[in-house]
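In what follows, a single structure is set out as structure tokens and then discussed.
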Amino acid sequence: MSAEPRTKELRKALGLTQQEFADRLKITRGAVSNWDLGHSVPSDAAVSLICREFHVREAWLRDGEGEMFEIKPRAEELGELVRKLLADRPESFRSRLITSLLRFEPNSPEWQILENIYNSIADEKESRE
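With my numbering, letter number 68 in the sequence shown gets 68, and the count goes up by one each step, no holes.
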């Protein structure tokens, strides 16, 4: 089996349109459409680019073997999340919240306060379900 149907599956898993997928790879939407429809197959260079950009396992993309995504170390995953959240407008709540969290000392009482808030919200949500 070749990579073309999996490019569509990948796009759907990422929640991206053909245009958004193409924009991230700096290719044409037509190329993505052709892959999705099975009219063409991504070149080796395109496969490498897709794997690098979206952290996809090459064996999955080419042959459907194993998991779709690479498993990243927890620290790397958290670092990416923080970078994405801080890239938001500086005045946004998310950016201000992350900036504040980064200033907390590891054993500060603020962490216990946040944990209590989290537990309260989780309990409330659970009781509604």
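All C-beta atoms, glycine included, are put in the ideal place defined by N, C-alpha and C.
None of these values were measured; they are calculated from a predicted model.
Beta-carbon spacing of residue i, residue j below 7 Å
{"i": "Q19", "j": "S33", "result": "no"}
{"i": "D132", "j": "R94", "result": "No information on residue 132 is available, as it lies outside the stretch 1 to 129 that the chain covers here."}
{"i": "R6", "j": "L61", "result": "yes"}
{"i": "I98", "j": "L85", "result": "yes"}
Straight-line Cα distance separating residue j from residue i
{"i": "W111", "j": "R128", "result": "26 Å"}
{"i": "K133", "j": "I121", "result": "A query on residue 133 cannot be resolved here, the shown segment of the chain reaching from 1 to 129 and no further."}
{"i": "V47", "j": "K72", "result": "19 Å"}
{"i": "L102", "j": "V56", "result": "29 Å"}
{"i": "L81", "j": "S100", "result": "15 Å"}
{"i": "E119", "j": "G64", "result": "According to the sequence displayed, residue 119 carries Asn and not Glu. Cα-Cα distance, rounded: 39 Å."}
{"i": "F69", "j": "I27", "result": "21 Å"}
In DSSP terms, what residue i is bridged to
{"i": "V41", "result": "None, per the DSSP bridge assignment."}
{"i": "V56", "result": "F69"}
Buried/exposed call for residue i, threshold 16 Cβ in 10 Å
{"i": "L10", "result": "buried"}
{"i": "P109", "result": "exposed"}
{"i": "R83", "result": "exposed"}
{"i": "I165", "result": "Shown here, the chain extends from 1 to 129; a query on residue 165 therefore has no answer."}
{"i": "L36", "result": "The sequence shown places Asp at residue 36, rather than the Leu named in the question. When all chains shown are included, D36 counts as buried."}
{"i": "P42", "result": "buried"}
{"i": "I50", "result": "buried"}
Own chain residues within Cβ distance below 8 Å of residue i, not counting five before or after
{"i": "F104", "result": "E110 and W111"}
Cut-off 7 Å between Cβ atoms - residues of its own chain near residue i, not counting five sequence neighbours on either side
{"i": "F21", "result": "R11 and V32"}
{"i": "R29", "result": "Q18, Q19 and A22"}
{"i": "D44", "result": "none"}
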